[in-house]
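Reviewing the structure listed below.
2 protein chains.
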Amino acid sequence: MGLGPGDPSLLPPLARDALSRAQAIVGYGTYLDLVPAELLVGKTIVETPMRQERARAEAAVDHARHGTATAVVSSGDAGIYGMAGLILETMERRGCHAQIPWEVIPGIPALAAAAARLGAPLTHDFAVISLSDLLTPEATIRRRLLAAAQADFVTVLYNPCSTRRTTLLPEALRILAAHRPPTTPVGFVRNAYRQGETIWTTTIAKATAHGVDMRTIVLVGSSSSRLVGRHVLTPRGYYPATPSDNNPGTFDKNPVDTGAEAL
Amino acid sequence: MGLGPGDPSLLPPLARDALSRAQAIVGYGTYLDLVPAELLVGKTIVETPMRQERARAEAAVDHARHGTATAVVSSGDAGIYGMAGLILETMERRGCHAQIPWEVIPGIPALAAAAARLGAPLTHDFAVISLSDLLTPEATIRRRLLAAAQADFVTVLYNPCSTRRTTLLPEALRILAAHRPPTTPVGFVRNAYRQGETIWTTTIAKATAHGVDMRTIVLVGSSSSRLVGRHVLTPRGYYPATPSDNNPGTFDKNPVDTGAEAL
Chain G
11 MGLGPGDPSL
21 LPPLARDALS
31 RAQAIVGYGT
41 YLDLVPAELL
51 VGKTIVETPM
61 RQERARAEAA
71 VDHARHGTAT
81 AVVSSGDAGI
91 YGMAGLILET
101 MERRGCHAQI
111 PWEVIPGIPA
121 LAAAAARLGA
131 PLTHDFAVIS
141 LSDLLTPEAT
151 IRRRLLAAAQ
161 ADFVTVLYNP
171 CSTRRTTLLP
181 EALRILAAHR
191 PPTTPVGFVR
201 NAYRQGETIW
211 TTTIAKATAH
221 GVDMRTIVLV
231 GSSSSRLVGR
241 HVLTPRGYYP
251 ATPSDNNPGT
261 FDKNPVDTGA
271 EAL
Chain F
11 MGLGPGDPSL
21 LPPLARDALS
31 RAQAIVGYGT
41 YLDLVPAELL
51 VGKTIVETPM
61 RQERARAEAA
71 VDHARHGTAT
81 AVVSSGDAGI
91 YGMAGLILET
101 MERRGCHAQI
111 PWEVIPGIPA
121 LAAAAARLGA
131 PLTHDFAVIS
141 LSDLLTPEAT
151 IRRRLLAAAQ
161 ADFVTVLYNP
171 CSTRRTTLLP
181 EALRILAAHR
191 PPTTPVGFVR
201 NAYRQGETIW
211 TTTIAKATAH
221 GVDMRTIVLV
231 GSSSSRLVGR
241 HVLTPRGYYP
251 ATPSDNNPGT
261 FDKNPVDTGA
271 EAL
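As they're listed, the protein sequences go chains G and F.
Each number in my numbering corresponds to the 1-based position in the first sequence with 10 added.
Each number in my numbering corresponds to the 1-based position in the second sequence with 10 added.
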């Protein structure tokens, strides 16, 4: 299940109820810290380090197979680069995915939290790419960056820099910059809706990896995105590309059928 | 602000509080129906039809400029194909984006709700494409589909079919099928977490547009995705590509640093 960005005000009742009902809560320490303290009381807490996702999944499935109501927590949404896949895969390998009742409880993903903080960058088609090269060959990451650049997707970068890996973000920015105007906005959101939240925006011509870490989401606009003050806007096309003047009253009597809002 | 899929159990406290504090609530009728009834009592309700997004945004900004606490509601996340962009653009055109206090309140996006219902399809890089051609040229949509296909992104399709537009989804499936194994899973989620929820999965060789409408999210796996029972799994790479046997105890003593969970 996903905890969202970490602020309890962004934890929906469905997730809170699942935590409340759980007898065991399994997660990486940093994520367990995001669980409201009152929901941990009296529970079996299984804390595993960052590098032991497989052991974490095995432990969770062990508990569930013994009939323990078990919640595995990820920050953001558990399905987006989160633990949901590994849990399902572990159940499959152990032949119990059809026996144990399980569900994925969605959360507010880091990409939605970052976008909200930046304004409205994701109103149009977008690509989501993790720059972590630990489970994905660098060549695949580069190929996806190039595809996103060439097809003019707004591009969301997860895991942009680690202490060890610092060169892929500058390279990603260069790949994207080669296919966008130099004024294309880039937004950075570190620790969205958490203590120490930091938000900054710049243009792709000026963007650097300075201040970026694994807790930062980097969001690069498409060729139609622009800065509005310090915010990022990707216009959806309701108005002509350039705001013409300060005469907002002149919209169509029969505005176009957009058919394009989120479902 | 985003209402999430529509079930009150997926509406986080931050969104509920904003609705509670709002003096005016603005939205398309179908979205207003998703607002818990008790939060509408005593409010000014501004309901505009589907085709009048600009009028809706103007009305919302009018209210806000008069000092009325105003909430504009979208389903899912307001930043993902939702109203957030048009509101910011309208404020910019009227020169009041720096004067009116405003914020985007994130919600659970349709893509996360659909993914949760399907299992774990989004554990890896993905592209999000709307098939609505009303504000986007068809050539741009095709270019993005081809890029997503070639770069092996898991692909999420919003607005896959309308009553008028029925051919673009079959074409999208053909474009993706040309670059994926015929066994690649495709998941369909109609009305996620709402009354009449329908979920079905198949392979890309067999997928058709039958039963798909504007309220359906279509999710096409990458070349590494597979069906697990009726669920869709995109393995993240913690285990070898093919589950070897039923010997789950043999994981590394020092599992790889994934560095790849959601932030």
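Backbone N, C-alpha and C fix where the C-beta goes; we use that ideal spot for every residue, glycine too.
If you draw a straight line from the Cα of Leu167 (chain G) to the Cα of Val228 (chain G), it comes to about 5 Å. Inter-residue distance for Arg153 (chain F) and Ile90 (chain F) is about 20 Å (C-alpha atoms, whole angstroms).
His189 (chain G) has its alpha-carbon roughly 54 Å from the corresponding atom of Gly52 (chain G). Bounds of the alpha helix (DSSP H) holding Arg26 (chain F) are Pro23 to Arg31. By the Cβ test, the region 53-63 of chain F is in contact with the region 24-43 of chain F, since at least three Cβ pairs between them sit closer than 8 Å. In this structure, Ala122 (chain F) places its C-beta atom within 9 Å of the C-beta atom of Pro116 (chain G). Legend: CB atoms of the region 74-94 of chain F lying less than 8 Å from CB atoms of chain G belong to residues Ser84, Ser85, Gly86, Asp87, Ala88, Gly89, Ile90, Tyr91, Gly92, Met93 and Ala94. With a threshold of 16 other beta carbon atoms within 10 Å, Ala70 (chain F) meets it and is buried.
With a 10 Å radius around the Cβ and a threshold of 16 neighbouring Cβ atoms, Ala126 (chain G) comes out buried. The three-state secondary structure of Ser84 (chain G), taken from DSSP, is strand. At a Cβ-Cβ threshold of 9 Å, Ser85 (chain G) and Gly129 (chain G) do not count as neighbours. Within chain G, no C-beta atom comes nearer than 7 Å to that of Val228 (chain F); the closest sits roughly 11 Å away.
Under the three-state reduction of DSSP output, Glu207 (chain G) falls in the coil class, being neither helix nor strand. Note on geometry: alpha-carbon atoms of Glu57 (chain G) and Arg64 (chain F) lie some 49 Å from one another.
Counting along the chain, the unbroken alpha helix (DSSP H) around Ile185 (chain F) starts and ends at Leu178 to Ala187. With a cut-off of 8 Å on Cβ pairs, the region 214-226 of chain F is in contact with the region 165-184 of chain F, counting three or more such pairs. With a cutoff of 9 Å on beta-carbon distance, Asp135 (chain F) and Val138 (chain G) are scored as near each other. Thr165 (chain G) has G:Ala137 and G:Val230 as its beta-bridge partners, per DSSP. Collapsing the DSSP output to three states places His107 (chain G) in coil.
Contact annotation for His241 (chain G) against chain F: Leu98 [CB-CB distance below 7 Å, chain order].
Chain order gives the chain F residues near Phe136 (chain G) as Val138, where near means a beta carbon separation below 7 Å.
At a cut-off of 9 Å between beta carbons, Ile209 (chain F) makes no contact with chain G. The DSSP-derived three-state label of His76 (chain F) is coil. Taking all protein chains shown into account, Ala159 (chain G) has 16 or more neighbouring C-beta atoms within 10 Å of its C-beta and is therefore buried. Close partners of Gly117 (chain F) in chain G (Cβ separation under 8 Å): Ile118 and Ala122. The Cβ atoms of Gly14 (chain F) and Thr133 (chain G) do not sit closer than 9 Å to each other.
Shown here, Val51 (chain G) sits in coil according to DSSP, grouped into three states, outside any helix or strand.
Going by C-alpha positions, Ala124 (chain G) is about 15 Å away from Ser140 (chain G).
F:Glu102 is the residue among F:Glu102, F:Pro192 and F:Val82 whose C-alpha sits nearest the C-alpha of Gly239 (chain G). Taking a beta-carbon distance threshold of 9 Å, His189 (chain G) does not count as an interface residue toward chain F. Counting other Cβ atoms within 10 Å of its Cβ, Arg184 (chain G) stays below 16 and is therefore classed as exposed.
Beta-bridge pairing by DSSP links Pro195 (chain G) to G:Thr213. When DSSP reads this structure, His241 (chain F) sits in a beta bridge with F:Val238. Using a Cβ-Cβ cut-off of 9 Å, Phe198 (chain F) does not count as an interface residue toward chain G, since no Cβ of chain G sits closer than that to its own.
Against Leu132 (chain G), the close residues of chain F are Gly89 and Ile90, in the order they occur along the chain (beta-carbon pairs closer than 7 Å). Assignment of Val36 (chain G) by DSSP, reduced to helix, strand and coil, places it in the strand class.
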